[in-house]
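K.L.:
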Amino acid sequence: MPREEEASLLTYNTHREKFESVYERNKFYRGLFGYKQTVKKNGKKYEYEKDGLMDQIPNARIDDSVFIISKGKVQRVENYFMDWGEKVSHHIFKVLIEDRNIIEQFKDKEDGSEEAKT
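Using this note's numbering, read the sequence shown as starting at 49 and increasing by one per residue.
#1: Rounded to a whole number of angstroms, what is the C-alpha to C-alpha distance between Lys121 and Ile105?
#2: Identify whether Asp112 lies in helix, strand or coil by the three-state DSSP scheme.
#3: Below 6 Å CB to CB, which residues in the same chain sit around Gln85 once its five sequence neighbours on both sides are set aside?
#4: How is Asn90 classed by DSSP in three states: helix, strand or coil?
#5: Apart from the five residues on each side of it in sequence, which residues of its chain come closer than 8 Å, Cβ to Cβ, to Asp147?
#6: Please list, in chain order, all residues of the same chain as Lys93 whose beta carbon is under 7 Å from its beta carbon, the five residues on each side excluded.
#7: Roughly how many angstroms lie between the CA atoms of Val143 and Leu57, to the nearest whole one?
#8: Could you tell me which residues DSSP puts in a beta bridge with Glu53?
Structure (structure tokens):
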């Protein structure tokens, strides 16, 4: 019998009309997914990568606006979405994961995030 892991399925939807500007909506996405920034200075080009929430927690992207999240990180994700109020609606469902690839992906990200902290 395959090993199962508890996790959560997250779906979300942004309500464009409720954001004050494109800048504000981009701020939501940058906070969620991170971004790359290129700065040109003194004839040189510098690239910076800023992590978003989904870079910091174990997750598997299933489709646009649909993720499976590690069980232990649900509250952190919930808090992020709650901070955006009515601008973003979301739903979180408990699921059991049987797919070994997703389970390993979670383990790798958890191990990587622990190494980064030490």
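Where a beta carbon is used, it is the ideal one built from N, C-alpha and C, also for glycine. Here the structure is a predicted model, which means the values were calculated and not measured.
P.N.:
Taking the coordinates as given:
#1: Spanning the two alpha carbons is a distance of roughly 7 Å.
#2: Of the three classes helix, strand and coil, the one that applies to Asp112 here is coil, per DSSP.
#3: Sequence-distant partners of Gln85 (beyond 5 residues in either direction) whose C-beta falls short of 6 Å from its own C-beta, in its chain, are Tyr96.
#4: Here Asn90 sits in coil by DSSP.
#5: For Asp147, there are no CB contacts under 8 Å within the same chain when 5 residues up- and downstream are skipped.
#6: Thr86.
#7: Going from the Cα of Val143 to the Cα of Leu57 covers about 6 Å.
#8: Under DSSP, Glu53 shares a beta bridge with Ile145.
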